[in-house]
Amino acid sequence: MIFTTKAEYGVRLLVELGRQSQRHPVSLKAIAEAEGLPLAYLERIVALLKRAGLVESTRGAHGGYRLARGPAAIAMDEVVLALEGTVAPMECFVDDRAGGGRVLCSHHDDEGRGCATKLLWTRVQAGVLKTLGQTTLAELVDFDARQRPRERADATATATTAA
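Quick note on this note's numbering: the sequence shown kicks off at 1428 and runs consecutively.
Printed below as a string of structure tokens:
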């Protein structure tokens, strides 16, 4: 299963907002620069996150974006579904949640029989959604905080060794 850059960048944007959750609103320009992401693309992504009720904006000189809820109250399934629309492990796989929650296969014949791999892809999808649902933004923010000092130490060690 491959998620698009929309999901990747959206999660990175939320992690950055989560790091700043107790502070002032953060501008998208600052996030784009800090994360090395294209500002125009982040503007489209943040609109989806805002529509999903995950972020809120403040206008003005000190405006920007902040989380609409605490990081512990934001599960990654909500984020990924807001950005990607669906989580389908294969191109031929359609999740018909609006139509009753059935998992459809584009290879179904007129009698409703699909290909032999439908069971596998149904389980893969359920596993991915379960993992996303059990992972909170707070966990990612904490993981990021633990990783950043290590990255800085590695960069310092590399610079010292090169000198």
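Just so you know, even glycine gets a beta-carbon here, dropped at the ideal spot from N, CA and C. Treat the numbers as computed from the prediction; the structure is a model and nothing was measured.
Bridge partners for residue i per DSSP, in chain order?
i	result
T1592	Examination of residue 1592 is not possible in this model, given that the chain is present from 1428 through 1590 alone.
V1453	Y1492
T1563	A1502
I need the boundaries of the alpha helix (DSSP H) containing residue i, first residue and last residue.
i	result
R1446	T1432 to R1446
A1515	Counting along the chain, A1515 falls outside any alpha helix (DSSP H), and DSSP gives it neither H nor E.
A1474	L1466 to R1478
Assuming residue i contacts residue j (C-beta within less than 8 Å), just tell me the rounded distance between them.
i	j	result
I1472	T1563	Not really, about 19 Å apart at Cβ, beyond 8 Å.
K1433	E1511	7 Å
D1571	R1493	Rounded, the Cβ-Cβ distance is 17 Å, inconsistent with contact.
A1643	E1443	The first residue shown for the chain is 1428 and the last is 1590, placing residue 1643 beyond what the model contains.
G1480	A1499	In fact, because the Cβ distance is near 16 Å, the residues do not count as touching under 8 Å.
A1457	L1469	Not a contact, Cβ separation roughly 11 Å.
S1448	G1490	That belief does not hold up - the Cβ atoms of S1448 and G1490 are roughly 16 Å apart, past 8 Å.
Three or more C-beta pairs below 8 Å linking the region 1562-1572 and the region 1436-1452: Flag = yes, the region 1562-1572 and the region 1436-1452 touch.
Cβ pair count under 8 Å reaching 3, the region 1452-1467 against the region 1496-1508: As far as the Cβ criterion goes, the region 1452-1467 does not touch the region 1496-1508, which means the pair count is below three.
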